[in-house]
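Mind the numbering: the sequence shown is residues 1 to 491 in the numbering used here, read in order. Right, one structure below, let's go through it.
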Amino acid sequence: MAIETRGRKKWYQIQWYADVDTAEDRRLINKLDLLIVPYAVLSYWVKYLDQSNLNNAYVAGLKEDLGFKGNELVQLQTFYIIGAVTGQIPFMFLFTYIPMQWTIPFLDIAWGIFTLLQYRVNSYAELAAYRFLVGWFEAAFFPAMHYVFGSWYRGDEIARRGGIFYVGLSLGTLTSGLIQAGASARLDGVNGLAGWRWMYIICAIITIPIGILGYFVIPGTPEHPNRLILKQQDVDRASERLKRAGHVSHGKFKIPNLKSIVLKPQFWALIVVDVLFWNAGVHTSTGTFLLWIKSLGRYSQARVNELGIIAPGLGIFYTLFICFASDLVLGPAWAITVAHVWNIIGLIVLTIWKVPEAALWFAFSTIYASYAMSSVFHGWVNTQLRASPAERSFTLVLINAISQSSTAWTPLLVFRTVEAPRFPKGFPFALACAILLIIATHALRLYIRHRDPGVEFTTGVPEEINPVSHADGGEVGTGARRDKRVDDSSE
1 MAIETRGRKK WYQIQWYADV DTAEDRRLIN KLDLLIVPYA VLSYWVKYLD QSNLNNAYVA
61 GLKEDLGFKG NELVQLQTFY IIGAVTGQIP FMFLFTYIPM QWTIPFLDIA WGIFTLLQYR
121 VNSYAELAAY RFLVGWFEAA FFPAMHYVFG SWYRGDEIAR RGGIFYVGLS LGTLTSGLIQ
181 AGASARLDGV NGLAGWRWMY IICAIITIPI GILGYFVIPG TPEHPNRLIL KQQDVDRASE
241 RLKRAGHVSH GKFKIPNLKS IVLKPQFWAL IVVDVLFWNA GVHTSTGTFL LWIKSLGRYS
301 QARVNELGII APGLGIFYTL FICFASDLVL GPAWAITVAH VWNIIGLIVL TIWKVPEAAL
361 WFAFSTIYAS YAMSSVFHGW VNTQLRASPA ERSFTLVLIN AISQSSTAWT PLLVFRTVEA
421 PRFPKGFPFA LACAILLIIA THALRLYIRH RDPGVEFTTG VPEEINPVSH ADGGEVGTGA
481 RRDKRVDDSS E
């Protein structure tokens, strides 16, 4: 069936609500925003605080105190990734069965405990075990939060809220550097503990209370709502507004669903895009910026960590700009393109390397553009799979697990610590992935437009629902405004 949609809004017409949202809808949206978004930012902040603090500790004395000589840093990062990948596997099947308001806080508290225990490490093996466990308990957090977003918000609402959520990543990396700088300057030697050990204690003190808070603010899902904070009328209204946009809010994952999911070309296309996304930004997570600053040899440990916050600080702007642009102006494919064109510019400079030092400062300032597309992409996935909570939960977890697993071994090959800060294989590898990512994204966009034109336009606002016939049978609403046909020039 043909799909009719309104063209995207001009940049000066941006608004938080859709025109079709009633006063009751807007009150519900406000309530959900106040419950979900601040907690999502806080919890993602501490997740990345606890994930990235290894890089800060490494340049602040951990390397010397534990006697590291070679590639221990990248190996420890790999132990974290192995934990993060294996920890996601059970949740592929569990999201539709377990209340999110219990699951997410439990994971948060657990990784906070293992973050704390890192302050006492005295060997590589002990630290590797703790990094694995931090990764295991952090594993399901990201797809779980996106599953919650997709359970309460329409496709045209997810990316900008997900973008605010994703700011937590940059904040975590940024504040990890500030905490380590402060610990190195003021706490080093206090009670016989090095500054980097104090950082782990401080991170845990921040993390665990935020985990406890989650029990009281996460709304769960319409199928398993948090009755402490939501009334039945809230749940009913949320389900109704999602239904009008073609979203299905109830359904369990069944093993027979597995075959139909993995046989769809879309599933494998999403994996390709996500694998390229993770590897196009792998230079961000491997500590390249901090290692380069340290290699200059003219800054103290505290100053290295202070300067290291430049890149994640800019990442906050990149993320908000790309996510709001996706929802309100560009749409997902072109927003992803803009983010990675900027990433590519920086990677070209880093690949050339023999450039003025100012050019390298500029290039490293672009690296967090590689992360800016994450909530756009996962919001796009939520929208494409809006007709099936089971397929949505399984796909969100599995594509994340497969994609993240690729970064368990690629850094060992191309971002070996002994090759820092030049990384002659690493930066060209990330550059190639970024270019291929843009190509794969538009291939996916064209496939979706051919199969289901309404899904491409996540910026469309539901006004009158037309059914979309899927290749596998059945019809769902498009969530697109019925106004005029969008031709190719509107993209």
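Note that CB positions come from ideal geometry on N, CA and C, so glycine has one too.
Who are the near neighbours of residue i in its chain, counting only those whose CB is closer than 8 Å to its CB and skipping five residues on each side?
i: L28; result: D234, R237, A238 and R241
i: R392; result: Y147, G150, V381, N382, L385 and R386
i: A84; result: G135, W136, E138, A139 and Q404
Hey, how far is the Cα of residue i from the Cα of residue j?
i: G182; j: S295; result: 21 Å
i: L169; j: L35; result: 19 Å
i: I322; j: L42; result: 20 Å
i: R197; j: W45; result: 20 Å
i: Y318; j: T410; result: 25 Å
i: A335; j: A194; result: 44 Å
i: Q180; j: R298; result: 18 Å
i: S123; j: F68; result: 10 Å
i: I344; j: P143; result: 27 Å
i: L290; j: D327; result: 33 Å
i: L66; j: H450; result: 56 Å
i: L117; j: G287; result: 22 Å
i: N400; j: T351; result: 27 Å
i: A339; j: G346; result: 11 Å
i: A372; j: V397; result: 19 Å
i: G220; j: L314; result: 32 Å
i: P222; j: Y80; result: 33 Å
i: Y58; j: Y39; result: 29 Å
Going by the beta-carbon positions, is the gap between residue i and residue j smaller than 8 Å?
i: R416; j: N71; result: yes
i: L76; j: L127; result: yes
i: Y368; j: T284; result: yes
i: A432; j: S370; result: no
i: I402; j: V275; result: yes
i: A311; j: F364; result: yes
i: S375; j: G163; result: yes
i: L437; j: V273; result: yes
i: A245; j: R160; result: no
i: W278; j: T407; result: yes
i: V349; j: F362; result: yes
i: R492; j: L54; result: Lying before the first or after the last residue shown, residue 492 is absent from the chain, which here runs from 1 to 491.
i: L171; j: I293; result: no
In the structure shown, what three-state DSSP assignment does residue i receive?
i: P219; result: coil
i: P90; result: coil
i: P428; result: helix
i: P225; result: strand
i: I255; result: coil
i: S52; result: helix
i: S374; result: helix
i: T284; result: helix
i: K294; result: helix
i: L178; result: helix
i: A204; result: helix
i: I261; result: helix
i: W111; result: helix
i: K63; result: helix
i: D33; result: helix
i: G172; result: helix
i: S403; result: helix
i: A185; result: helix
i: R422; result: coil
i: D19; result: coil
i: R26; result: helix
i: F137; result: helix
Could you name the residues of the same chain whose beta carbon sits closer than 6 Å to that of residue i, not counting the 5 residues immediately before and after it, in chain order?
i: N382; result: G150 and I158
i: G61; result: A194 and W196
i: H378; result: H146
i: P105; result: G211, G214 and Y215
Leaving out the 5 sequence neighbours to the left and right, which residues in its chain are closer than 7 Å to residue i when beta-carbon positions are compared?
i: T395; result: I261, F267, L270, V381 and L385
i: T115; result: D50, V134, Y200, C203, A204 and T207
i: A333; result: T441, H442 and R445
i: V461; result: Note that V461 has pLDDT 40, beneath the 50 cutoff, so the model's placement of it is unreliable and no number is given.
i: F324; result: R160 and G163
i: T173; result: Y48, S52 and P312
i: I495; result: The structure shown does not extend to residue 495, since the chain is modelled only from 1 through 491, so no value can be given for it.
i: T366; result: W342, N343, I345 and G346
Of all the CB atoms in chain D, is at least one closer than 8 Å to the CB of residue i?
i: P424; result: Considering every chain present, this structure includes no chain D. It has just one protein chain.
Handout entry: At least 3 beta-carbon pairs within less than 8 Å: the segment 350–362 vs the segment 299–306
Key = Fewer than three pairs of CB atoms, one per stretch, sit closer than 8 Å, so the segment 350–362 makes no contact with the segment 299–306.
Practice task
Count the C-beta pairs between the segment 95–102 and the segment 49–63 that are closer than 8 Å, then say yes if the count reaches three, no if not.
Solution key: At 8 Å Cβ cutoff, the stretches do not touch.
Practice task
Determine contact between the segment 76–91 and the segment 187–198, defined as no fewer than three beta-carbon pairs at a distance below 8 Å.
Solution key: Inter-segment contact for the segment 76–91 and the segment 187–198 is absent: fewer than three beta-carbon pairs are separated by less than 8 Å.
Practice task
Could you tell me whether the segment 425–441 touches the segment 406–416, using the rule of 3 or more Cβ pairs below 8 Å?
Solution key: The segment 425–441 vs the segment 406–416: in contact.
Practice task
Please determine if the segment 108–116 and the segment 203–218 are in contact, where contact requires at least 3 C-beta pairs separated by less than 8 Å.
Solution key: With contact defined as three or more Cβ pairs closer than 8 Å, the segment 108–116 and the segment 203–218 are in contact.
Exercise for the section: Would you be able to state if there are at least three C-beta pairs under 8 Å between the segment 215–227 and the segment 134–142? Expected result: Short answer: they don't touch.
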